[in-house]
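J.: Below are the structure tokens for one structure; questions will follow.
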Amino acid sequence: MGAKIGHNVFFGPQSIIISNNYRQIKICDNVFFSMGVAITAEELTVGDGTHIGYQALMTGKKISIGKNCNINNRAFIEAYYAPVIIEDNVTIAGSVMISSHDGSFMNVLGKEMIAKQITLKKQCFIGNNAVILPGITINEKAIVGAGAVVTKDVEERTIVVGVPAKEIRKI
144 MGAKIGHNVF FGPQSIIISN NYRQIKICDN VFFSMGVAIT AEELTVGDGT HIGYQALMTG
204 KKISIGKNCN INNRAFIEAY YAPVIIEDNV TIAGSVMISS HDGSFMNVLG KEMIAKQITL
264 KKQCFIGNNA VILPGITINE KAIVGAGAVV TKDVEERTIV VGVPAKEIRK I
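The sequence shown begins at 144 in the numbering used here and counts up one residue at a time.
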């Protein structure tokens, strides 16, 4: 048995999903994959009504995307060593980088790799070119400004901007 693909799912030209275990791939109804989307995942769930933009790249062991999400052009989601969980109604703007590990593939100078789950809670918004680091939770209805580097959790209904991201106000 292969992947579970719902009704009215569109794969744009040059879009691909690769998995070692297609039984762990579930694409719900009314999902749109734009042109050039590339996904390599051992476990992938994409909820109803989600849109994945042009040349988005997702890779890793477990990626879960909720209902009615918008993951825009050239977003990069990496979940090799820890899951990335995206809840319902989340918007990820273009060229956002989300990585559940710190990039230290080798034990360089005795440093251990950091790998922790990233969670984007319901109705949060991540602005263009933002970077979300390992272990971060962006809570419900929070907003991450364009170009921000998120190094700690973002509280519910909070706007953060800058490098590193700092709270500028509650909403």
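Heads up, the beta-carbon is just placed ideally off N, CA and C, and yes, glycines get one too.
The structure presented is a predicted model; accordingly, all values stated were derived computationally and were not measured.
1. Could you tell me which whole alpha helix (DSSP H) segments of length 4 or greater appear in the stretch 188–224?
2. Below 6 angstroms CB to CB, which residues in the same chain sit around GLY270 once its five sequence neighbours on both sides are set aside?
3. Near ASP245, which residues of its chain fall below 7 angstroms by C-beta distance, leaving aside the five closest residues on each side in sequence?
4. Tell me, please, which residues DSSP counts as bridged to GLU310.
5. Using the Cα positions of ILE88 and MET201, report the straight-line distance between them to the nearest angstrom.
6. Name the DSSP beta bridge partners of GLU298, please?
7. If you draw a straight line from the C-alpha of GLU230 to the C-alpha of ARG312, how long is it?
8. Which residue comes first and which comes last in the beta strand (DSSP E) that contains LYS169?
9. What's the call for VAL306, buried or exposed, on a 16-neighbour Cβ count within 10 Å?
10. Can you tell me where the beta strand (DSSP E) holding ILE229 begins and where it ends?
11. Tell me which same chain residues have a C-beta within less than 6 angstroms of the C-beta of PHE153, skipping the five on either side of it?
12. With a threshold of 16 other CB atoms inside 10 Å of the CB of GLY145, please say whether the residue is buried or exposed.
13. Who are the Cβ neighbours of ILE161 in its own chain at under 6 angstroms, not counting the five residues just before and after it?
14. Taking only the alpha-carbon atoms, compute the straight-line gap between GLY190 and ASP172 and give it to the nearest angstrom.
15. Over the uninterrupted beta strand (DSSP E) stretch that includes ILE159, give me the two end residues.
T.: Short version:
1. none
2. ALA236, VAL287, GLY288 and ALA289
3. Excluding positions up to five away in sequence, the list reads MET256, ILE257 and PRO277.
4. In the DSSP output, where bridge partners are listed per residue, GLU310 has VAL303.
5. As displayed, the chain neither begins before 144 nor continues past 314, which places residue 88 out of reach and without an answer.
6. Beta-bridge annotation (DSSP): GLU298 is not paired with any residue.
7. Straight-line Cα distance between these residues: approximately 23 angstroms.
8. 168–170
9. exposed
10. 227–229
11. PHE175
12. exposed
13. THR183
14. 7 angstroms
15. 159–161
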